[in-house]
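J.: Pasting a structure here, questions to come.
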Amino acid sequence: MRRLAFVLLIAAASAAAQTPITIRAGTLIDGRGGVQRNVTVTIEGSKISHIGAANGTPTHDFSRLTLLPGLIDTHVHIDGHFGKDGRASNTGETPAQRALYAAENAYVTLMAGFTTVQSIGSAMDLDLRDAIARGTLPGPRVLTSAAQLTDTRLSTDSIRGWVRATAARGADLIKLFASKSIREGGDQTMTDAQIEATCSEAKTVGKRVWVHAHAASAVRAATRSGCTAVAHGSQVTDAELAEMSRTGTFFEPNIGLVSQNYIENKSRYLGIGNYDEAGFKFMEDGLAVKLAMFKRALKTPGLKIIMGTDAVAGAHGQNAREIIYRVQTGGQAAMDAIVAATSLNAESLGMKDRIGAIAPGMEADLIAVDGDPLKDITALRRVVFVMKGGKVFLGGR
Ligand SMILES: [Zn+2]
76 MRRLAFVLLI AAASAAAQTP ITIRAGTLID GRGGVQRNVT VTIEGSKISH
126 IGAANGTPTH DFSRLTLLPG LIDTHVHIDG HFGKDGRASN TGETPAQRAL
176 YAAENAYVTL MAGFTTVQSI GSAMDLDLRD AIARGTLPGP RVLTSAAQLT
226 DTRLSTDSIR GWVRATAARG ADLIKLFASK SIREGGDQTM TDAQIEATCS
276 EAKTVGKRVW VHAHAASAVR AATRSGCTAV AHGSQVTDAE LAEMSRTGTF
326 FEPNIGLVSQ NYIENKSRYL GIGNYDEAGF KFMEDGLAVK LAMFKRALKT
376 PGLKIIMGTD AVAGAHGQNA REIIYRVQTG GQAAMDAIVA ATSLNAESLG
426 MKDRIGAIAP GMEADLIAVD GDPLKDITAL RRVVFVMKGG KVFLGGR
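Here is the structure:
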C-alpha cells in the first residue's frame, strides 16, 4: 500500500514536471544570429524542447514582444554596493548585511534580463552562487573566481599553488590582475612569467583565466600564455587586437557602464583608495580612449569581443547599458552586440552547449522585451518577462 502511494506520488510529480510551457513570440532572436517570426517555443522541465510555427493557445502570448536568450554578463562584482552611509567603502558592515546587499544585486540583475553572470569576484560569491542554485532565491546563475590574484611578490611556484588552492575552494575560474587599475595608469604589474604560470596552471586544473590588463604589454603576455580572456584592454594597439584574434583569446572591453557609473556616483567613491581626483581624471579621459579602442576592435577580423560590464556598486541592474552604448555610440551592429551578450559569452564561459541560445536542448533561459532591439537597442532595458531554467521569475501573460 505504502509502495503504491509512493508510485502514485512519483507519477503525479513527473506529470507536473512534464506539462510543457509554451511561449508564442512575435519575434525570436536566437542568440546565434538568427531571427524567426511568429513561432511557439515549447519548454519541458528546465529545457527548451521544440521551436515551431505558432499554433494553439500558448501559456505566454508574446506576439507583440521579442523573445531572446537570457542575457549573460561575463564581468560583475555582485557584492559591490553602497552601504548604510551611502558610500562604496561599506565600513562597519556585518557579513550578513553584505550578503543581503549581494542578494539584492542578484535580484535586480535577474530582473534586468541577465540570467547568468560571472562575478570576479569575492569569497562570498561562492555562497551566493550555491544559494541561488538551490532554486528559490531569485538571481542569475553565478560563476565566480572567489578571489583575485594581485600579489606581484609571489614566485611562479607560489602562484601555481594559489591557483590550485583557489580551484579547490570551488572557484569556477581564476581572476588575475596583470596591470594596474586604470585609475593608476594601467601599467603592467605581473611579469610575463607570473602571467604564464597562472594561465598554464589553471589549464592543468581545468579552469579558465580572466586577465585584468590595460597596458598593451600585459595583454600580449596574457594572449601568448593561453589565458582565456582579457578584460579592459584600454591601451591595446592593433597588433594586440590581431594577436587575440589569431589565438582565439576572448576580449572583454568595458566601455559603456563601469566608468560612467563611477562618474555618476563620484561622491560615493571619492576618497576611497585610488578613487581620488587623479583617478577620476584617468576615468574621465579614459571614456574617449576606450571608445576609440572599441572601434578599432570592431575592425579586427575574427576578434571574439564578449560582453562584460565590470558592474560594481551603483551599476547592478543597468548591465544592458554596455550593450546599448556599444551599438549607439560604438557603432557595433545590434545583432553582433546581442550575439556577444548571449552565445559568444556562453562560449567564453565554457557553457555554449547549455546557455546563450534559443534552440532545442538548451536551458530555458528566456527573456521577453518590449520592442525590437534590432531596430531600437534600448528595448533591452524594457524587460517584461524572465525565465531561468524553465522557471518564471518575472511577468507572464
Ligand atoms: Zn572588475
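At position 377 of the sequence shown the residue is numbered 452 (our numbering), and the sequence of numbers has no breaks.
Just so you know, even glycine gets a beta-carbon here, dropped at the ideal spot from N, CA and C.
All values derive from a computational prediction rather than experimental measurement.
If you count every other CB in all the chains shown that lies within 10 Å of the CB of Pro328, and 16 or more means buried, which is it?
T.: Looking at its Cβ environment, which holds 16 or more other Cβ atoms inside 10 Å, Pro328 is buried.
J.: Put Gln393 into one of helix, strand or coil per three-state DSSP.
T.: It is coil, neither helix nor strand.
J.: Write down every uninterrupted run of the beta strand (DSSP E) in the region 266-310 whose length is 3 residues or greater and which is fully enclosed by it, in chain order.
T.: List check, beta strand (DSSP E) in window: 283-288 and 304-307.
J.: Here's a check: name, in chain order, each residue in its chain whose Cβ is nearer than 7 Å to the Cβ of Ala242, leaving out the five neighbours to either side.
T.: Here the set comprises Val280 and Lys282.
J.: Let me know if Glu339 comes out buried or exposed under the rule of 16 or more other beta-carbons within 10 Å of its beta-carbon.
T.: By the neighbour-count rule (16 or more Cβ atoms within 10 Å), Glu339 is not buried but exposed.
J.: Compare the beta carbon distance of Arg457 and Asp445 with 7 Å and say whether it is the shorter of the two.
T.: Taking 7 Å as the Cβ cut-off, Arg457 and Asp445 qualify as a contacting pair.
J.: Mind checking His125: buried by the 16 CB within 10 Å criterion, or exposed?
T.: By the 10 Å Cβ count, His125 comes out exposed.
J.: Here's the rule: buried if 16 or more other CB atoms are within 10 angstroms of the residue's CB, otherwise exposed. What is Lys374?
T.: Exposed, by the Cβ-count rule.
J.: Is the region 218-227 touching the region 258-275 in the sense that three or more CB pairs, one from each, lie closer than 8 Å?
T.: The answer is yes - the region 218-227 touches the region 258-275, with three or more Cβ pairs under 8 Å.
J.: Are the region 135-146 and the region 317-336 touching by the rule of at least three beta carbon pairs closer than 8 Å?
T.: Judged by Cβ distances under 8 Å, the region 135-146 makes no contact with the region 317-336, as fewer than three pairs qualify.
J.: What is the DSSP secondary structure of Thr384, reduced to helix, strand or coil?
T.: If DSSP states are grouped into helix, strand and coil, Thr384 belongs with coil.
J.: Do Asp385 and ligand 1 come close, with the Cβ less than 6 Å from some heavy atom?
T.: Answer for Asp385: yes, Cβ within range of ligand 1.
J.: CB Ile413 to CB Phe326, shorter than 7 Å?
T.: In this structure, Phe326 does not lie closer than 7 Å to Ile413 by Cβ.
J.: Which first and last residues belong to the alpha helix (DSSP H) in which Phe369 is found?
T.: Run containing Phe369: Glu352 to Leu373, per the alpha helix (DSSP H) assignment.
J.: Below 7 Å CB to CB, which residues in the same chain sit around Gly464 once its five sequence neighbours on both sides are set aside?
T.: Within the same chain, Gly464 has close Cβ partners Ser121, Glu438, Ala439 and Asp440.
J.: What is the DSSP secondary structure of Lys250, reduced to helix, strand or coil?
T.: The answer is strand: DSSP assigns Lys250 an E or B state.
J.: What does Ala128 pair with, by DSSP beta-bridge criteria?
T.: Its beta-bridge partners are Val114.
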